[in-house]
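Novice: This structure is in structure tokens; I'll ask about it shortly.
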Amino acid sequence: KQEVTQIPAALSVPEGENLVLNCSFTDSAIYNLQWFRQDPGKGLTSLLLIQSSQREQTSGRLNASLDKSSGRSTLYIAASQPGDSATYLCAVSQGGSEKLVFGKGMKLTVNP
Amino acid sequence: GAVVSQHPSWVICKSGTSVKIECRSLDFQATTMFWYRQFPKQSLMLMATSNEGSKATYEQGVEKDKFLINHASLTLSTLTVTSAHPEDSSFYICSGLSLAGGFYNEQFFGPGTRLTVL
Numbered sequence: 001k002q003e004v005t006q007i008p009a010a011l012s013v014p015e016g017e018n019l020v021l022n023c024s025f026t027d028s029a030i031y032n033l034q035w036f037r038q039d040p041g042k043g044l045t046s047l048l049l050i051q052s053s054q055r056e057q058t059s060g061r062l063n064a065s066l067d068k069s070s071g072r073s074t075l076y077i078a079a080s081q082p083g084d085s086a087t088y089l090c091a092v093s094q095g096g097s098e099k100l101v102f103g104k105g106m107k108l109t110v111n112p
Numbered sequence: 001g002a003v004v005s006q007h008p009s010w011v012i013c014k015s016g017t018s019v020k021i022e023c024r025s026l027d028f029q030a031t032t033m034f035w036y037r038q039f040p041k042q043s044l045m046l047m048a049t050s051n052e053g054s055k056a057t058y059e060q061g062v063e064k065d066k067f068l069i070n071h072a073s074l075t076l077s078t079l080t081v082t083s084a085h086p087e088d089s090s091f092y093i094c095s096g097l098s099l100a101g102g103f104y105n106e107q108f109f110g111p112g113t114r115l116t117v118l
């Protein structure tokens, strides 16, 4: 059974820092991996999707990498801003299924 | 990205009543939609997979007679919580699966529906 872990559960940093968010998964036979952002009481916003054949994806200040063999992904946020404060969720889909298995998320607070 | 809407965004109902939540893909066709629930400070848990024109597939532990899912068209899926009880109070989120264009096999999520059962 696939399990997705995000550590730490929460992080508080001053504005301007470069951040690395970690995600690990137990079964390396994934189809893709997605990073999402969730603001309080809101739905999910897709940030980046990495197919299993890819190593990384970039969008603006965000960069996500995938090491499928070791079961790890990192989300890199450059020059963090208070507006980046949210919960970040990592999710993987298995080969042959579109179902997503989510981690518990990491609550990020960027202080001005 | 593709857009998914949900209606209503929040609902309060009395115990024993039924509540219907709509999930619409606005600018793409979603042959598959997913329904999740999220308890406070918890992650999303998949409840069921909804395929257009066929019966939904429920995850283990989810009562199909309590959570009725209908996926009548390529852009609309509905979740009906029947005979709701306070323990059904939660945040319900749907997603649509896009198999087209640059969004192959990517799920797009709705804004969620907050259900409170008194």
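Residue numbers (the numbering used here), protein chains in the order written: chain U, 1 to 112; chain R, 1 to 118. Note that the Cβ used here is the ideal one computed from N, Cα and C, for glycine as well.
For G83(U), name the three-state secondary structure that DSSP assigns.
Specialist: Residue numbering aside, residue 83(U) sits at position 83 when the first sequence is read from its first letter. Three-state result, G83(U): helix.
Novice: Starting from G43(U), find everything on chain R with Cβ-Cβ shorter than 7 Å and list it in chain order.
Specialist: Residue 43(U) sits at position 43 when you count from the first residue of the first sequence. I93, F109, G110, P111, G112, listed in chain order.
Novice: Nearest-angstrom Cα distance between P14(U) and Q6(R)?
Specialist: Taking the first sequence and counting its residues from 1, one reaches residue 14(U) at position 14. Taking the second sequence and counting its residues from 1, one reaches residue 6(R) at position 6. Spanning the two alpha carbons is a distance of roughly 35 Å.
Novice: Using 8 Å as the limit for Cβ to Cβ distance, is Q29(R) near chain U?
Specialist: One-based indexing of the second sequence puts residue 29(R) at position 29. Judged by the 8 Å Cβ criterion, Q29(R) is not in contact with chain U.
Novice: Check whether the Cβ atoms of C90(U) and L33(U) lie closer than 8 Å to each other.
Specialist: For the purposes of this step, residue 90(U) is taken as residue 90 along the first sequence, with counting starting at 1. For the purposes of this step, residue 33(U) is taken as residue 33 along the first sequence, with counting starting at 1. Yes, the pair counts as a contact, with Cβ atoms nearer than the cut-off.
Novice: If you pair each beta-carbon of the segment 56 to 63 of chain U with each one of the segment 62 to 72 of chain R, do three or more pairs fall below 8 Å?
Specialist: No, they do not touch.
Novice: Which class does D88(R) belong to by DSSP, given the choice of helix, strand or coil?
Specialist: Along the second sequence, read from residue 1 onward, the residue named residue 88(R) stands at position 88. The answer is helix: DSSP assigns D88(R) an H, G or I state.
Novice: Please state the DSSP three-state secondary structure of N18(U).
Specialist: For the purposes of this step, residue 18(U) is identified with residue 18 of the first sequence, where counting begins at 1. Here N18(U) sits in coil by DSSP.
Novice: Less than 7 Å between the CB of R55(U) and some heavy atom of the ligand NAD, yes or no?
Specialist: Among the components modelled here there is no ligand, and therefore nothing to report on the ligand NAD.
Novice: Just to make sure I have the definition right: I need the residues of chain U whose C-beta is within less than 9 Å of the C-beta of T126(R). Which are they?
Specialist: The structure shown does not extend to residue 126(R), since chain R is modelled only from 1 to 118, so the question has no answer here.
Novice: Hey, could you find the ends of the beta strand (DSSP E) S73(U) is sitting in?
Specialist: In the first sequence, the residue the question calls residue 73(U) occupies position 73. 72 to 77 is the span of the beta strand (DSSP E), which, as asked, contains S73(U).
Novice: Smallest Cα separation from Y31(U): which of C23(U), K99(U), S24(U)?
Specialist: Here residue 31(U) corresponds to residue number 31 of the first sequence, with the count starting at 1. Among C23(U), K99(U), S24(U), the Cα nearest to that of Y31(U) is on K99(U).
Novice: Starting from the Cα of T26(U), find the closest Cα among A10(U), S73(U), Q38(U) and give me that residue.
Specialist: Locating residue 26(U) in the first sequence gives position 26, counting from the first residue. It is S73(U).
Novice: Across which residues does DSSP place V101(U) in a beta bridge pair?
Specialist: Translated into the one-based positions of the first sequence, residue 101(U) becomes position 101. Per DSSP, V92(U).
Novice: Could you name the residues of chain U that Q42(R) contacts, counting a contact when the two beta carbons are closer than 9 Å?
Specialist: Taking the first residue of the second sequence as 1, we reach residue 42(R) at position 42. Within chain U, the residues near Q42(R) are K104, G105.
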